[in-house]
Amino acid sequence: MQTKIYLDEESLPKTWYNIQADLPSPLDPPLHPGTGKPAGPEDFAPIFPMELIGQEMSQQRTIPIPEEVRDILRIWRPSPLIRAHRLEKFLKTPAKIYYKWEGVSPAGSHKPNTAVPQAYYNMKEGIERISTETGAGQWGSALAFATNLFDLECTVYMVSSSYYHKPYRKSMMQVWGAECIPSPSPRTASGRAILEKDPNTSGSLGIAISEAVEDAATHANTHYSLGSVLNHVCLHQTIMGLEAREQLAMEELYPDYVIGSVGGGSNFAGISFPFAGDILTGKKKDTEIIGVEPAACPTLTRGLYEYDYGDVAGLTPMLKMYTLGHDFIPPALHAGGLRYHGDSPIVSRLVHDGIITPRSYLQNEVFEAAITFARTEGMIIAPEAAHAVKGAIDVALECRKTGEEKTILFCNSGHGHFDMTAYDAYHTGGIIDYDCPDDLIKESLANLPKQRG
Ligand SMILES: *Cc1c(COP(=O)(O)O)cnc(C)c1O
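Numbering (the numbering used here), first residue to last: 6 to 458.
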């Protein structure tokens, strides 16, 4: 029985898939935070390179991956597709479970798939430094890895709760030559404002974004970079789904279910968009595409589909997306990468249109799934990725009931070697099942920007 399905390096995709070309109508445009009018390329030019702005708005179905980018991706790509035989056996399911394993990248997650092209396009435009935010530290370390290869400086604002709980991610960034600062910080006006109100705040991704954007907007040699949410990020991540579709085809299979965890939506977009595109273009119709989020930050399952800011300070353009409100601060969740208040506008649109089904799970059941996975398949995975595993296990158990031999594909977005504090908390009973109270969501949704939506 085949366990690992490898593509050779020659088969590394030469183009990304842009699902915008196949949407039945264009996305609602981003709106300028000051005027409320549609934001154009010139509004983004101070913080992003023109190539990425072009990709953000492109309606072209395929976009070439530059050779210099493919050269670096080849260090670990194409990534393996792995059949979870032992998990199947343990679950006594007739379903076939396959996972795309992204823990093989240098930073240990899917995030370098976009960090590399983003650093590349900034370098091409003559930019010298990139600023960004990071939650659990995964994105900061991916960007530190990528900027180093293109001789760019990198400043990372790291959500302070993670900065102190995950010191090794910070160390990785330093190894790759980046500067890592706990956020909120005194370095920016938005950081100082938050610290004045609450000096002991544990920070949030929204706050860190405000700081990183402000840093880029106030320095001419500096651009900003985002590791999720935006269309160009989802575009770069489609390399995973494109590879997986080919790998499954080598087994003469096509997935009945495609599953991923959703923070800002990038790994989920990456694994699922090629298959969602097959639905939109009428090539396939029965694939169920499931996005899994934590019950503590239930953006897709309990948020509103409205225009909102990407950050707490309201400095970013407003995006039409599912949101819990830009000043929503989730509880200290162990899947730090899933704490964001909003979601990718494209993923949001596909949820709204019924192409994608969202689900949410509590923390303990997610960790239980991660332990089951480690004890059957061996890999100790990131708590974020464990949400996808939990989704896959549930679908496989449904198949056991119905006796159907379905094919399940999920994105195993990263390893958990720097998340052992969270595993430790699980073993000592320290993980809280936090189902977000309605009041908390209502409160932050009341502060949505007053916009025609
Ligand atoms: C950041 C991260 C996520 C969540 O981010 P998305 O943009 O939603 O993919 C999931 N898994 C891992 C391992 C991550 O590092």
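Just so it is clear, CB atoms sit at the ideal spot from N, CA and C, and this is done for glycine as well.
Do you know whose CA, among the options, lies nearest residue i's CA?
i	options	result
K105	L338, P260, I24, Y125	P260
T8	Y103, Q368, P31, E72	Y103
I68	M178, T119, H241	H241
T98	N452, R88, C404	C404
F155	E133, T412, E15	E133
E56	I70, D13, K325	I70
T362	D313, K325, E298	E298
D76	A151, Q143, G408, R88	A151
G145	R174, D429, P51	R174
R380	L96, A217, E15, W21	L96
G41	T321, P172, T119, F423	T321
M326	G315, I284, D283, G319	G315
Y262	L285, I284, T292, K94	T292
M6	S114, D33, R88	R88
F53	G319, K94, Y229	Y229
E130	T20, I58, K171, H170	I58
T20	A225, K116, Q60	Q60
E257	S449, V74, P18, K101	K101
Given this structure, state the Cα-to-Cα distance separating residue i from residue j, to the nearest angstrom.
i	j	result
N417	A401	16 angstroms
L414	L86	9 angstroms
R457	T139	Bear in mind that a pLDDT of 45 at R457, under 50, signals an unreliable position, so the number given afterwards is only what the model happens to contain. So the two alpha carbons sit approximately 31 angstroms from each other.
N127	L210	23 angstroms
K447	L329	8 angstroms
T433	P388	16 angstroms
F49	P43	12 angstroms
C185	M178	7 angstroms
I294	A451	31 angstroms
A237	S353	As written in the sequence, residue 237 is His, which differs from the Ala given in the question. When rounded, the distance between both Cα atoms is 15 angstroms.
I80	R197	40 angstroms
H420	P189	27 angstroms
V317	G142	19 angstroms
N272	G265	7 angstroms
T426	T223	37 angstroms
Y11	A254	12 angstroms
P191	Y428	32 angstroms
D13	I386	25 angstroms
I212	L200	11 angstroms
C239	A194	30 angstroms
P51	V218	10 angstroms
T412	E158	44 angstroms
H346	R364	16 angstroms
P335	E15	43 angstroms
T160	A124	13 angstroms
N153	V180	10 angstroms
V121	R82	12 angstroms
F280	G270	15 angstroms
I244	A393	18 angstroms
T286	P29	9 angstroms
In the DSSP assignment, what residue or residues form a beta bridge with residue i?
i	result
D313	L324
P299	Y366
I199	Partner(s): none; I199 has no beta bridge.
R134	E158, T227
V263	I294, L414
T139	M163
I361	I294
Please tell me whether, using a cut-off of 8 angstroms, the distance from the CB of residue i to the nearest non-hydrogen atom of ligand 2 is below it.
i	result
W144	This structure does not include ligand 2; its bound ligands are ligand 1.
Quiz item: Looking at C-beta atoms only, is the number of pairs between the stretch 108 to 117 and the stretch 201 to 211 that lie closer than 8 angstroms three or more?
Solution: no
Practice problem: Just list the beta strand (DSSP E) runs in the stretch 159 to 197, keeping only unbroken ones of 3 residues or longer that don't cross its boundaries, in chain order. | Solution: 184 to 188
Quiz item: Between the stretch 355 to 372 and the stretch 235 to 249, are three or more C-beta pairs nearer than 8 angstroms?
Solution: no
Exercise. Tell me the start and end of each unbroken alpha helix (DSSP H) in the stretch 376 to 421 that is at least 4 residues and wholly inside, in chain order.
Key: 388 to 407
Exercise. Flag this pair as touching only if the stretch 273 to 283 and the stretch 306 to 316 have three or more C-beta atom pairs under 8 angstroms; answer yes or no.
Key: no
Quiz prompt | At least three beta-carbon pairs within less than 8 angstroms, the stretch 163 to 171 to the stretch 328 to 348 | solution = yes
Quiz item: Is there contact here, the stretch 437 to 453 with the stretch 363 to 370, by at least three beta-carbon pairs under 8 angstroms?
Solution: yes
Quiz item: Does the stretch 59 to 66 come close enough to the stretch 18 to 33 to have 3 or more Cβ pairs within less than 8 angstroms?
Solution: yes
Exercise. Could I get the ranges of all uninterrupted alpha helix (DSSP H) runs contained in the stretch 55 to 108, with 4 residues as the minimum, in chain order?
Key: 55 to 62, 72 to 78, 90 to 96
Practice problem: Within the stretch 207 to 241, note down every full alpha helix (DSSP H) run reaching 4 residues or more, in order along the chain. | Solution: 210 to 222
Practice problem: Could you name each continuous alpha helix (DSSP H) segment of 4 residues or more that falls completely within the stretch 8 to 59, going from the start of the chain to the end? | Solution: 46 to 49
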